[in-house]
Structure formats: structure tokens, C-alpha cells
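Take a look at the structure below.
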Amino acid sequence: EEGEFNREGLGVKGELTLSLLPVRPLLGIYPLAPETRNSVHAVLGEFVNAQISWEIAQQAGPITIDVHSSNFQARLPLQLHQHALYLRDYVDAQISLTQAVNETFLKDINPLFITGAYSEHPIRVFIDPDGFVLPLNPYSIERVSIGKAIIDIGKLRLRNGGQVQSLMEFLNAKEITPDGLMEAWFTPLFLSLHEGVASYKRFDVLLGGNIQIALWGSINLVNDGVNMTLAISPTTLYERFHITGLTKKDMFQVQMRGTTSKLSMDWSSAYTRIALIVARNAAGQIGNIVGGIIEQLIPLGDEPVPPPTTSPFPWESLYPSEPGMIPKEASSREGKSRRWIDRLLP
4 EEGEFNREGL GVKGELTLSL LPVRPLLGIY PLAPETRNSV HAVLGEFVNA QISWEIAQQA
64 GPITIDVHSS NFQARLPLQL HQHALYLRDY VDAQISLTQA VNETFLKDIN PLFITGAYSE
124 HPIRVFIDPD GFVLPLNPYS IERVSIGKAI IDIGKLRLRN GGQVQSLMEF LNAKEITPDG
184 LMEAWFTPLF LSLHEGVASY KRFDVLLGGN IQIALWGSIN LVNDGVNMTL AISPTTLYER
244 FHITGLTKKD MFQVQMRGTT SKLSMDWSSA YTRIALIVAR NAAGQIGNIV GGIIEQLIPL
304 GDEPVPPPTT SPFPWESLYP SEPGMIPKEA SSREGKSRRW IDRLLP
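Going by the working numbering, the first residue of the sequence shown is number 4, and it counts up by one from there.
Quick look at the structure:
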């Protein structure tokens, strides 16, 4: 009697415990691009502990992975279906910010901060199951989909260099980083990933407790292309250049182009535009910037400023958010900000 093995109809159930498994040899099993392999290695660290359980029938079923590695902790409630992995529930992961994580993972979030950063607390990553797809066979970054994710960086220490240094020089704010380091306080980052392009809603950053900027745009993870905007808040414009007549929506924009490894920003044009705006403001000709002649001749930016995703900003009790405001008495807002994201979790 003849017959054949039906792999698609095979059912399997089991559990597996991994202890101190070296990450680099493990990644060599799966055909990943070198950049992807380096990023995963940086996030996981050198060794990984994991508890894996599965119940697969006809090449589909639940897979649950509890990961505790050198740099990464998460519970991954996965669902295998048609050669791809989906999420059955939310993911709440924590990533330690090492130098390797900064150079591979963080630069794809924002290459402005590639000069180096460190933090005493882990970065928290929250992934919504809706719209999440991780293809297995074949795998490509273009086919990975993330409907919504939130990255909660909180506070970190940032090295002043590269384009960050150019920003400090533009704002004449070298005194903020006398030792070459400054504090950077982030609002949560909301992002999505489709066809290899990571899109970021506006997120705000307070640098050195004195300078507030906002960033938004996209990064193409396939060709490493950057299409983002850096915007300087009206509070900072008032404090640094004494520009008056600005509203919360009036932000001076500088385009971010190039690649994550070689970021390009047109500071020459920025210096010209800000000098003209300052001159007109000093001469009393600025009037109402929005809709006025100065906005037509010397625009603050090329794009409409998106509204902030977090309100109020976590630092507003410590630092003013509008020109001329007096800082309130210091209080612990960072804890409140971090609890804000807890309300999004199940």
C-alpha cells in the first residue's frame, strides 16, 4: 500500500526552555540581512533565556515566547498562520540602551541622536496586535507590518556631537553642554511600519532642560533614506532669538534628509531665514507671523506643524511651554508621564 507524508497536516505541541543560549550562532540559522541580524543581536545582547510553548496544527497555531536576555525582556504572544507570525495580544517589551542598541536600533528611530546616548532605565516598546505581520517564508523588511507601536524613551543622557552640536551652535546654546553631555527628555513616540517605511508622528524632546524641539516624518528601512523634519518650539525661539508674536503652532523647521548613517540638514538656509526673521522682529515689522508678509517671504517651515501627541508635556511643571511663562514649582512629572503609557496597556 502506497502513501506519502503530509507535512501540512502534522500537529505538534510542546515546550522548550533555553538557558544562556548564545545569540550570534542562533541568528546564523535564519537567513537575515546583515543589518537586520546586527540590529537583533544588539537588542538581544550576547545571551538569551527563553521559555517557548507552542501548539501547531496544519502549520498554524499559538506560539508564546517569554524572553529574558542581556538587553531585552518581553512576552511575545504569537500566532503562526500561512508562513507568517501575528500577535494574539499586546506586546510590552523593555530594551536596555547600550551603545550597540544606540548605533543600530535608536538611529532608525531618529538619526539626529546617533552621536551616542545612555540611560539608567530601559526603553519601553509597546506593540498593538492590530496590523502586525512578520513574514517567515520568504522574509523581507518590506513585508513586515506594524499597525501601531509606541516607544517610551523617557529621559536619557545625550552626547553633544554631529547634528545635535550643529543645532546647539545654531541656537547659540553651547553653555547647555559644558561637559559634552546633556539630558534629553522625550514624549512617547508613535510609529507604524508599512512596506519598509517607518512613519513617526510628532514627538517632542526637551534638551538640557532649556531647548524644546519636535520631530516627525519617516525613515525608509530598505534604502536607509531619511525624510524627517526638525522643528524648534516658539518658546525656544523667544528665549534664544527674542522673536515675539508666535503661537504654539509657529515652529522654525529644518529638513532632515540623507541617510541614518549620514544625515544631511540645511543649516545654511536655516541661518539665513532666522537672521531675516530676527531683523524684521527687531525692527518691529513682524506683526502677526502667521498669514503675514513675513510668513510669505520668510517661512518658518515648509510643512504644517502637526499637533503634539502628548498633552501636557511631561516637563511643563518644571519648564515653561509658552514664551514669557514663569516656570512652576518643580514637581515629579516624569513618573506621571511614564504612568501615562501604562493606561494604554491591557
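Note that CB positions come from ideal geometry on N, CA and C, so glycine has one too.
None of the values given here were measured: they were computed from a predicted structure.
- In this structure, GLN166 sits near MET268, with a CB-CB distance shorter than 9 Å.
- Residues of the same chain with a CB within less than 7 Å of the CB of ALA87, apart from the 5 flanking positions on each side, are VAL136, LEU137, PRO138 and LEU139 in chain order.
- With a contact defined as Cβ atoms closer than 8 Å, LEU161 and LEU184 qualify at about 7 Å.
- Ranked by Cα distance from PRO125, the first of GLN168, ASN105 and ALA273 is ASN105.
- For TYR241, the secondary structure class from DSSP, reduced to helix, strand or coil, is helix.
- A direct Cα-Cα distance of roughly 13 Å separates VAL70 from LEU81.
- Residue pairing from DSSP places SER195 in a beta bridge opposite SER202.
- With a threshold of 16 other beta carbon atoms within 10 Å, ARG283 meets it and is buried.
- Fully enclosed beta strand (DSSP E) runs of no fewer than 3 residues occupy 87 to 90, 94 to 98 and 126 to 130 of the stretch 82 to 154, in order along the chain.
- Beta bridge pairing from DSSP links SER267 with ARG260.
- Beta-bridge annotation (DSSP): GLY17 is paired with TRP57.
- With respect to ALA187, ALA120 sits close: the two C-beta atoms are nearer than 9 Å.
- With a 10 Å radius around the Cβ and a threshold of 16 neighbouring Cβ atoms, THR20 comes out exposed.
- Measuring C-alpha to C-alpha distances from ILE55 to each of ALA77, GLY134, ILE32 and GLY164 identifies ALA77 as the nearest.
- DSSP places LYS177 within a helical segment (H, G or I) once states are collapsed to three.
- In the structure shown, VAL51 adopts extended strand secondary structure according to DSSP, grouped into three states.
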